[in-house]
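In the working numbering, the protein residues as written are 48 to 765.
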Amino acid sequence: MATNKFLLAAGIAVSCGLWTAELKADEGMWLPSLISERISDMQSKGFKLSEEDIYSINQASLKDAVVLFGGGCTGEVISPEGLLLTNHHCGYRQIQQHSSVEHDYLKDGFWAMSREEELPNDGLYVRFLERMEDVTAAVLKGYEDGMTEIQRDSVVNANSAMLTEKAEAEGKGLKADVESLYYGNQYFLFIYREYSDVRLVGAPPSSIGKFGGDTDNWMWPRHTGDFSIFRIYADKDNNPAPYSADNVPYKPKKFFKISASGVEEGDFTFIYGFPGKTSEYIMSEGVRYISEISDPSKIGLRTMRLDIQKKYMDESRAVRIQYSSKNASVANSWKKWQGEMKGIRRLGTVAAKQEYEKRFAEWAKGTEYEGILDRLDTLYAQLEPYAYAADWYNESAATAEIVKFATGYMKKWTEQMFSSSTVRIEELGREMEKMASAFYKDYYLPIDKESFAAVMTAYAENVPENFRPEYFNDGLRKFGNAEVWADSLFGKSVFADSLSFRTWKDSLSVICNDPATEFGDAFGKWYKDTIKPVTDSINREITLLYRDYMRGQMEFEPQKSFYPDANLTLRVAYGHIAGYSPSDGIYYTPVSTLDGIMEKDNPEIFDYDVPQRLREIYREKDFGRWGVTDSEGNKTVPVCFIATNHTSGGNSGSPAINAEGNLIGINFDRVWEGTMSDISFDPAFCRNICVDIRYVLFIIDRLAGAHHLIDEMVFTEE
Ligand code: ARG
Ligand code: GLU
C-alpha cells in the first residue's frame, strides 16, 4: 500500500512536471542559423529533427522550401514541381488583377486545370534564402568611437553596399541585404535567390478564402480557408528568369511533405517565416505612447471613417463593392490596435517595464549604461508632441481621398507637363485618364466628404494649434468649422466629380489652385518642413541610445535568451497547439471545424454566405479522405487551429510544421487578445491562427476538383 501511494505520488509529480514544461512561454522568433542555441529546447518539447534539418548551407534543409512571398508575406513549396502555398489574402492582389466582370476570380475562385492555364503575374517575386552570415565586423569597418550617428550610418551604408554587391555577383538572380539586429549591435548579410516568374494556379472563392471577412478578422473561433496556390517557374537550368513561355516548373532543393493525420492539443508546432516588425525591448515610455496615446487616437479616427463607410455600404451594393478593399485595410489595423491596447493594459506592460527600468538603473550605476534611461526619457518627452502631430495628420488630413488624388496627381502631371514635348503631353494625357478612371471607379463622394468633415473636426479639437499648419488655422477661422470647410472644398473642387474634372483636365492653373490640391500641398509641406525633420532627428538619437540599452539589457540579464526584433528576415517560432481562455468562464478549444462554418452560414450576411456547393457537400457528408469523426461519432472536416507560436505581420502564409518537419497548416493570423505580442508576449493569450492543411486539401479536392494538384504532393501517410 505504502509503495503504491509513493508510486502514485511520483506519477503525479512527473506528469505535473511535463505539464508545466508544456505551458512555459513559447515567446521568441529565432534566427535559423543560430538555432543550435534552441535546438535542445525544441527537442525537449517534441521536435524530432536536428538543427541541420532546419538550416544548412551544406545540404538541403527546410529553409529551402520557405520563401518570402511578394515582399510582405511567406510561402512554402509543396511539390517537386515548384507548387507554392500562401494565404488567400497574400495572393489577393494577383487574384484581383486577373479578375473582370466575365471572370470574377475573387467571387468564384480560380483553378488552372493544366499548366497552360496558370496565370503569370507582373511584379510578383519570391525569394529563397541561400544563406545568412554575421558581418558585423565588416559592416563597422572604419567606424570609430565618437562618430555621430549620421557618420556611423554612412560607414554602415557604404560597407553594406560593398558586401551586397559582392554577394549578388556570385550567381544568377541573387539579391542580398544587410540587416541590423538588436538596434545595430549586430549585422547580418542575407543572400536570397529571387524568382520572378510566379504563376497563379488556384484560389478558392472569397466566400471561403475570406470567409468571416472583417467580422472574424483577428478572432478565434475562425473558419477562413485563407489559402491560394502559385507555381514558381525557372529557365531550363532551374535558374531565375523573367516570365517566358519557355520557362519550366522550378525544381526545388526541398519541398514540404504533407501530414494529413491532424493535430491535437499539446502537439509541437513550428512556424518558419518572415515576421515584419516587433518592438519587444523598448522602454516603458515608448509603450505608454503607443498604447495610451497613439493607438486610441488612431482607433478613434478610424472608427469614424469605418462607421461612415458602413452606413453607405449597407445602403448600396455598388458602394459595398467600391469600398470593400479600402474598408478591409482600414479595418485590419483598426482592429489589431484595439487588441494591442487592451492586451497591454491587461498585462500592465507599462508598469512592469517601469519596475524593470528601476532595477536596471540601479544595476547600471557606475557602468557605461548609467543614465541611459533618463536620456531616453528626455528624448521621448521631446518627441511626443511631434509624434502626436504626425499620427493625427496621417490618420486625418492625409486620408482624404480627393486630396490624395489631387496632390499625387497634380504633382505627377504638372511637373512632367512643364518639361514635356507635345508628343509626351498626349501620352501623359492618356496616363492621366487611366489614373482618373481607376480612381473614380472606386470613389464615392459622400463617404469622402463626410469622413473629411468628421476627422478634421476631431483634428481641430485634439491637436494643439501650434502643431497644426497655419493654413489649417486660417481655414478654420475663415470657415468656422470643418463641416462648412468640407462643403466648400467638395463643392468647388474639380476633382469632386469625374465629369467636371475631365473637362478641366487641360487647365493647369485650375488643377494647381484647386482647393483639394491646396489643402494637400499645405499639409504636405507643413509635415515635410516642420514635423518630419524633428521626428527623424530625435528618432536617430533614440536608436543610438537603444543600441546601448539593448546591450545593457543583455548584460543585465545574462541568463536570458534574447531574440532579435522582427525585421522581415527568416525566423523560427516554435510552440504547441493550445486553446486559451479569453475571459473568465470561457475556454476556447484549439480546433475549428466545418460544423462551425455551417453554424455561421447566413446568405443575408455577406461575410457568412457559404457557397452553395459547400452546403451540399456538408449535407451529404461527402468529405472524402479529409473527413474526421469526432468523439460523438459526428463526421466533419477540421478547418483552423491555434497554437502558441510567436508570429507577426509577414508570417502570413508561413508553413505550420509538425514535430517531424511535415506540413500541417498555413499560418494566417493571430487572436485578438494576443495582438500585443509585437510589444509584449503573454503565453496565456498569444495564439497564432492557421488553416488546417486538411481543409485546404478538402477544398482543392471536393470543391475545385483539382485532383492533379493533389497528385503532385507527397503525403507522409502513404
Ligand atoms: N489579420 C490578417 C493580417 O493581418 C488578415 C488580414 C486580411 N483579412 C481581412 N479581413 N482584412 O494580415
Ligand atoms: N495577417 C497577418 C499578415 O498578413 C499575419 C497576422 C499577424 O500579424 O500575426 O502577415
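Just so it is clear, CB atoms sit at the ideal spot from N, CA and C, and this is done for glycine as well.
Segment limits, alpha helix (DSSP H) that includes residue i
| i | result |
| --- | --- |
| F499 | L492 to N509 |
| L187 | Where L187 is concerned, there is no enclosing alpha helix (DSSP H), given that its DSSP letter is neither H nor E. |
| D261 | G260 to D263 |
| G218 | Taken as a continuous stretch (DSSP letters only), G218 belongs to no alpha helix (DSSP H), as it is neither H nor E. |
| A563 | P562 to W573 |
| R524 | E517 to F526 |
Residue i versus residue j - alpha carbon distance
| i | j | result |
| --- | --- | --- |
| K405 | E84 | 30 Å |
| I329 | Q401 | 11 Å |
| K298 | S341 | 47 Å |
| R269 | L166 | 30 Å |
| Y280 | F407 | 53 Å |
| T763 | S308 | 9 Å |
| I711 | I125 | 12 Å |
| H755 | V738 | 21 Å |
| G93 | F317 | 11 Å |
| N692 | F315 | 10 Å |
| E69 | Y234 | In this predicted model, E69 has a pLDDT of only 34, less than 50, meaning its place in the structure is not dependable; the value taken from the coordinates is given anyway. One C-alpha to the other measures close to 33 Å. |
| R598 | A613 | 17 Å |
| N168 | E311 | 38 Å |
| M482 | W77 | 43 Å |
| P287 | E663 | 43 Å |
| K71 | Q106 | Unreliable positioning characterises K71 in this predicted model, as indicated by a pLDDT of 43, which lies under 50. The coordinate reading is nonetheless provided below. C-alpha separation (whole angstroms): 33 Å. |
| I652 | Y370 | 17 Å |
| T67 | S87 | Reliability of the predicted coordinates at T67 is poor, the pLDDT of 33 falling under 50, and the value obtained from them is presented with this limitation in mind. If I take the Cα positions, the gap works out to 17 Å. |
For residue i, the first and last residue of its enclosing beta strand (DSSP E)
| i | result |
| --- | --- |
| N784 | For residue 784 there is no data in the structure shown, the boundaries of the chain being 48 and 765. |
| L353 | First-last for L353: D342 to E362, but that is the alpha helix (DSSP H), not the beta strand (DSSP E). |
| V124 | C120 to V124 |
Under the three-state DSSP convention, the category residue i falls into
| i | result |
| --- | --- |
| E69 | Any answer about E69 is weak, because its pLDDT of 34 lies below 50 and its placement is not dependable; what the coordinates show is given next. Three-state DSSP puts E69 in a helix. |
| A428 | helix |
| T224 | Looking at the sequence itself, residue 224 is Asp, so the reference to Thr does not match. The answer is strand: DSSP assigns D224 an E or B state. |
| V619 | strand |
| M179 | strand |
| V334 | helix |
| E278 | A quick correction: the sequence has Arg, not Glu, at residue 278. Looking at R278 - three-state DSSP - the assignment turns out to be strand. |
| Y290 | coil |
| L171 | coil |
| I305 | strand |
| V245 | strand |
| I633 | coil |
| F321 | coil |
| V310 | coil |
| Q606 | coil |
| R416 | The amino acid at residue 416 is misidentified as Arg; the sequence shows Tyr. Y416: coil per DSSP, three-state reduction. |
| F728 | coil |
| R598 | helix |
| A625 | coil |
| V397 | helix |
| R269 | coil |
| Y239 | strand |
| A250 | strand |
| T133 | strand |
| T582 | helix |
| V295 | strand |
| Y328 | coil |
Status (buried if at least 16 other CB within 10 Å, exposed otherwise) for residue i
| i | result |
| --- | --- |
| P493 | exposed |
| Q141 | buried |
| I771 | Any property of residue 771 remains undetermined from this structure, which presents the chain solely from 48 to 765. |
| E387 | buried |
| T195 | exposed |
| A60 | Low confidence applies here, because A60 scores a pLDDT of 34, under 50, leaving its location unreliable; read the following figure in that light. Classification of A60: exposed, given that the 10 Å Cβ count is below 16. |
| F609 | exposed |
| A292 | exposed |
| V148 | exposed |
| H135 | buried |
| V248 | buried |
| D438 | buried |
| V761 | exposed |
| H150 | exposed |
Considering only residues of the stretch 730-761, which uninterrupted beta strand (DSSP E) runs meet the minimum length of 3 residues and lie entirely inside it, listed in chain order?
735-739
Which runs of the alpha helix (DSSP H), 4 residues or longer, sit entirely within the stretch 66-113?
86-91 and 98-101
Counting only runs of 3+ residues fully inside the stretch 635-721, write out the beta strand (DSSP E) ranges in chain order.
If we require 3 residues or more, the beta strand (DSSP E) runs fully inside the stretch 635-721 come out as 638-640, 685-690, 702-704 and 710-717.
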